[in-house]
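**Student:** Following this message is one structure expressed as structure tokens.
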Amino acid sequence: MSRRKSSNWWLNYIPRYFIFFDRYCAKYQSFVDPILQRFDREVQFYISYLRYIGKLQSAGLRFCYPTVETGTKDIHGDAVFDLALAAKFVTEGAAAVVPNDFYLQGEERVLVVSGPNQSGKTTFARTPGQLHYLASLGCPVPGSKARLLLCDRILTHFEKEETIENLHGKLQDDLLRIHRVLQQATRNSFVVINEIFSSTALEDAVFLATEIMQRILTLDCLCVCVTFLDEVAALGPSIASMVSTVVPENPALRTFKLVRRPADGRAYALAIAEKHRLTYGSLKQRLAS
Amino acid sequence: MNAFLMYRDRDFDLEQEPPPGAQDLVQDLELEVLFKAMAEGDPFLLHVARKAVLSLLNEVAAVLHRQDILRDCLSNAAIVRNLYTLAAETIERERKNYWGVHSRNPGYVLNRSVEVLSMFLAVLRRLRQVAEVHAARFRSEGFTMLFATLRKELDDEYLATVEAHLSRLKFRRGVLISARFGKGNMGVGHMLRKPNDDDRPWIQRFFSKRPIAYTFHIHERDDAGAQAVSELRDRGIAIAANAVAQSNDHILSFFRMLRTELAFYVGCLNLHERLAAKGEPTCFPVPSPCAERRYVVCGLYDVCLTLKLEHRVVGNDADGEGKELFMITGANQGGKSTFLRSVGLSQLMMQCGMFVPARSYCANLCAALFTHYKREEDAAMQSGKLEEELERISTIVDRLSPDCIVLFNESFQSTNEREGSEIGRQIVQALLESRVKVFFVTHMYALASSFSDEKIGNTMFLRAESREDGTRTFRVIPGEPLRTSFGKDLYEQIFRTSATAPLKLPKNACAVI
């Protein structure tokens, strides 16, 4: 009896607060510091973004932290590129990414992009939109240097694929969508418009595009607009015209490089026609012989 | 002896290559439908129809020559079909008679040739009979000439001579061969001789003594001897055998030609019967020379479309006297392409001497007909499509000469309207100035109107008709291209009125665009 007592004798000497600690420990076993927790969760965003662009950077593409403006609308981007295309380039080994430059200064508000089909117009149109979006998230943006507007909204209007049978429905749909876009836009918004009215009769397309451009200019928001209508590119000093270029010797070969110069949409198709010796002058020669 | 039913002065060449661009013509104008209707299951008719329709006549006289013959055919359909069957059967029988052994044995060749020639002779007799009985019912130069030739060259005397030769060539009474001595007294220069006909009365012949002659007998078992004698015989008749075989070939080639040339007209008869059964009108076109510019048609319809449909199709009128450019615009599925096809088809039919699917038709002939249609493939590769279109027009330009006709169907629409119109305008202008007649179906207002604004060429504007309520009549009527104001209306509605208000569309919205 005494021996048993003596074997547990030390229990009497355990301080009572150990029991308290034991219970405390059991109670707060799963405690995480809320700040740490938040850090852990939020840092994921940065890590995954950095990991994502890390792959692109190791493929030789450059990223930079943009200067974000609120007052001025002088923006520019040097050697910017489309993130989606770049990712495709890295993972699937698609065609090389061609970086482009753009800028808007002074009273310029709208970049009008024209040029031949499949020459990188749409890809380019996506890029400033992406830049502004990523910049507003505080992320480094694809490009070597960028100064961007902190915009309240980024609105897009892309053409939806449709057939000629329901052309009427398509035009109506186009107009309704662009109307919605313009209703939401403020003077600090960024609007991307891609190839609207391309299937509409030319006269209508010019009229509609001009009207919509006027509204955008009145709004004083920033805009990138891809179009084949030269008239839009020449609407006023607020519009900067960019043209996607082709190899001069072979107009069918695209460079995917966009340069700032007045729109010359017709020159391109005629260049192809000239390559086949099908312009008026060449034809006259051919038919005379 | 020639048939001369296709051309006044030469035979129809069945082996000729189709003109360049024929493949496009067949595809774009759906010519196979026409060919099949003409052939009605006869592969030979199909072959001839293909060749004949695609090889255009460029002279008014040549077209009229065939038209006259075709008129005769239409009023004497049964006789013409009989003649065709006769020629076809004869050729067939000749072919069957040939056993396929390429025997060089003159005896065999001669036997066969004589047999075939006898058969030919019987047919030639029947041909002459037809010529004699029905000649009066045929008025055209072609048939008159053919029947006159038949009567002249196959007269009784000629037929009797041929018959006499044939009976002699059967050698019932043996072969008379002469030869002379050659080196070492070998027989050389074997020659078949015409036996001297014994003109004594048979009773005298019967009782008189035979003239003395040296003979020899060959023993029944002496194969070598028999062979030697038959070789001797062959040597003698070789020339005769060749001659008969050659004359057979001549006669055969006449039958072949007759069959080929009649085949075209039988094809026309087949087509005419199909159209007549449906109640579709046909008429003989009035051709004018290539250099003129005429296009006055009434009730012109698409012959291939009507062949495919149960009911009759809509005809169109156009008065394009002196016009060089025909701009056809208007609603989708409004009959533009059908009209263009009917233009191409009737031009081809006129220029091969056929009737045309219209109530009346007067047009100039052309040096060649080309089509440039929108192709379906490569729909995804937009840029490649423009290139492809331009390449095709470039090959056409290489083949163009003045007074050609080019049919464009929705060309240059693979790029946007601005670029397409500009390319189209330059090409059409250059073509017009090089005296090429152009039919252009397009949606592009900018292109169509550039020719009304600038007054280039002598343009006729046609438009697919669509009624107020948007229904299509499938008729093409004269009319300037329509500038659509539909986009503007829609814009006003969406932007000027409040966005919540329900959208009211113009009634004929669908029809305009």
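The listed protein sequences correspond, in order, to chains C and U.
Quick note on this note's numbering: the first sequence kicks off at 70 and runs consecutively.
Quick note on this note's numbering: the second sequence kicks off at 64 and runs consecutively.
Just so it is clear, CB atoms sit at the ideal spot from N, CA and C, and this is done for glycine as well.
All of these numbers come straight from a predicted model, not from anything done at the bench.
#1: Starting from the C-beta of K114(U), find all residues in its chain whose C-beta is less than 7 Å away, skip the five residues before and the five after it, and write them out in chain order.
#2: To the nearest angstrom, how far is it from the Cα of K190(C) to the Cα of E228(C)?
#3: Just mark E452(U) as buried or exposed, buried being the case when its beta carbon has 16 or more other beta carbons within 10 Å.
#4: Within 7 Å: the Cβ of T536(U) and any heavy atom of the ligand PLP?
#5: Under 8 Å by Cβ, that's how I've got P420(U) and T536(U) pegged, so tell me the actual separation to the nearest angstrom.
#6: Determine, using beta carbons only, whether V460(U) comes closer than 8 Å to chain C.
#7: Whole angstroms is fine: what's the gap from K399(U)'s alpha carbon to I265(C)'s?
#8: Answer with buried or exposed for H335(U), where buried requires no fewer than 16 other C-beta atoms within 10 angstroms of its C-beta.
#9: Might you give, ordered along the chain, the residues of its own chain that have their beta carbon closer than 6 Å to the beta carbon of V179(U), omitting 5 neighbours on each side?
#10: Taking Cβ to Cβ, would you say F503(U) is nearer than 8 Å to F327(U)?
#11: State the beta-bridge partners of C133(C) as determined by DSSP.
#12: Would a check of beta-carbon distances place H345(C) closer than 8 Å to chain U?
#13: For the structure I just gave you, are there three or more beta carbon pairs, one from the region 368–386 of chain U and one from the region 139–158 of chain U, closer than 8 Å?
#14: Could you tell me which residues DSSP puts in a beta bridge with C361(U)?
#15: So with Cβ pairs under 8 Å, would you call E228(C) a contact of chain U?
#16: Rounding to the nearest angstrom, what Cα-Cα distance links E387(U) and A511(U) in this structure?
#17: Closer than 7 Å by C-beta to N235(C): which residues in its own chain qualify, once you throw out the five before and the five after it? Chain order, please.
#18: K157(C) CB to nearest chain U CB: under 8 Å?
#19: Could you spell out where the beta strand (DSSP E) holding V149(C) opens and where it closes?
#20: Taking only the alpha-carbon atoms, compute the straight-line gap between M412(U) and G385(U) and give it to the nearest angstrom.
#21: Name the chain U residues whose beta carbon is nearer than 9 Å to that of L271(C)?
#22: If we ignore side chains and look at the alpha-carbon of each, how far apart do T192(C) and V261(C) end up?
#23: Indicate whether at least one CB of chain C lies closer than 8 Å to the CB of S515(U).
#24: Counting only beta-carbon separations shorter than 8 Å, does L288(C) have a partner in chain U?
#25: Using 8 Å for Cβ pairs, my map puts L94(U) next to L88(U). What's the rounded Cβ distance?
#26: Roughly how many whole angstroms lie between the Cα atoms of Q98(C) and R85(C)?
#27: With respect to the beta strand (DSSP E) encompassing K124(C), which residues constitute its N-terminal and C-terminal limits?
#28: Taking the straight line between their C-alpha atoms, what separation do you get for A153(C) and S117(C)?
#29: Among L244(C), T279(C) and I341(C), whose alpha-carbon lies nearest the alpha-carbon of I557(U)?
#30: Is the shortest distance between the beta-carbon of A340(C) and the beta-carbons of chain U less than 8 Å?
#31: Against chain C, does E80(U) count as a neighbour if the rule is that its beta carbon must be under 8 Å from one of theirs?
#32: Using 8 Å as the threshold, is the region 204–224 of chain C in touch with the region 140–160 of chain C, meaning 3 or more CB pairs across them?
#33: Of all the options F183(U), L209(U) and L109(U), which has the alpha carbon lying nearest to the alpha carbon of E195(U)?
#34: Is it buried or exposed for R488(U), if we count other Cβ within 10 angstroms and need 16 for buried?
#35: Find the residues of chain U that neighbour Q283(C), judging by a C-beta separation of less than 7 Å, and give them in chain order.
#36: Any residues in the region 78–103 of chain U with a beta carbon nearer than 7 Å to a beta carbon of chain C? Which ones, in chain order?
**Tutor:** Short version:
#1: Cβ within range, chain order: L77 and Q79.
#2: Cα-Cα distance, rounded: 13 Å.
#3: E452(U) sits buried, since 16 or more C-beta atoms from the chains shown fall within 10 Å of its C-beta.
#4: Of ligands this structure carries none, so the ligand PLP is not represented either.
#5: Contact doesn't hold; Cβ gap of about 19 Å is too wide.
#6: Output row for V460(U): interface = yes.
#7: Taking the straight line from one Cα to the other gives about 28 Å.
#8: Counting of Cβ neighbours within 10 angstroms places H335(U) among the buried residues, the total reaching 16 or more.
#9: Same-chain partners within the cutoff: E157, N160 and N311.
#10: One thing to note: F503(U) has its Cβ no nearer than 8 Å to the Cβ of F327(U).
#11: DSSP output for C133(C) lists V210(C) as bridge partner(s).
#12: Nearest CB-CB separation between H345(C) and chain U: below the 8 Å threshold.
#13: Too few Cβ pairs lie closer than 8 Å, so no.
#14: Among the bridge pairs identified by DSSP, C361(U) is matched with S423(U).
#15: So no, E228(C) is outside the interface.
#16: Using only the alpha carbons, I get a separation of about 14 Å.
#17: Residue placement at N235(C) is poorly supported in this model, since its pLDDT is 49, which falls under 50; the coordinates are not used for a value here.
#18: Residue-level contact check: K157(C) does not touch chain U, since none of the beta carbons of chain U fall below 8 Å from its beta carbon.
#19: From DSSP, the beta strand (DSSP E) with V149(C) extends over I144 to V149.
#20: Counting only the Cα atoms, G385(U) lies some 21 Å from M412(U).
#21: Residues of chain U with a Cβ closer than 9 Å to the Cβ of L271(C) are, in chain order, N479, E480, R481, S484, M507, Y508 and A509.
#22: Spanning the two alpha carbons is a distance of roughly 12 Å.
#23: Proximity of S515(U) to chain C, defined by a Cβ-Cβ separation below 8 Å, is not satisfied.
#24: Not an interface residue.
#25: Between the beta-carbon of L94(U) and that of L88(U) there is about 6 Å, and that keeps the pair under the 8 Å contact cut.
#26: The alpha-carbon separation between Q98(C) and R85(C) amounts to approximately 20 Å.
#27: DSSP places K124(C) outside any beta strand (DSSP E); the residue lies instead in the alpha helix (DSSP H), whose first and last residues are P103 to S127.
#28: Approximately 16 Å, taken between the alpha carbons.
#29: Nearest of L244(C), T279(C) and I341(C) to I557(U), Cα basis: L244(C).
#30: Judged by the 8 Å Cβ criterion, A340(C) is not in contact with chain U.
#31: Taking Cβ atoms only, chain C never reaches closer than 8 Å to E80(U), which makes this a no.
#32: Taking one beta carbon from each stretch, the region 204–224 of chain C and the region 140–160 of chain C have 3 or more pairs nearer than 8 Å; the two touch.
#33: Among F183(U), L209(U) and L109(U), the Cα nearest to that of E195(U) is on L209(U).
#34: Taking all protein chains in view, the Cβ of R488(U) is crowded by 16 or more other Cβ atoms within 10 Å, so the residue is classified as buried.
#35: Near Q283(C) there are no residues of chain U at all, since even the closest Cβ is about 11 Å away, more than 7 Å.
#36: Those residues of the region 78–103 of chain U that come within reach of chain C (Cβ to Cβ, closer than 7 Å) do not exist; the list is empty.
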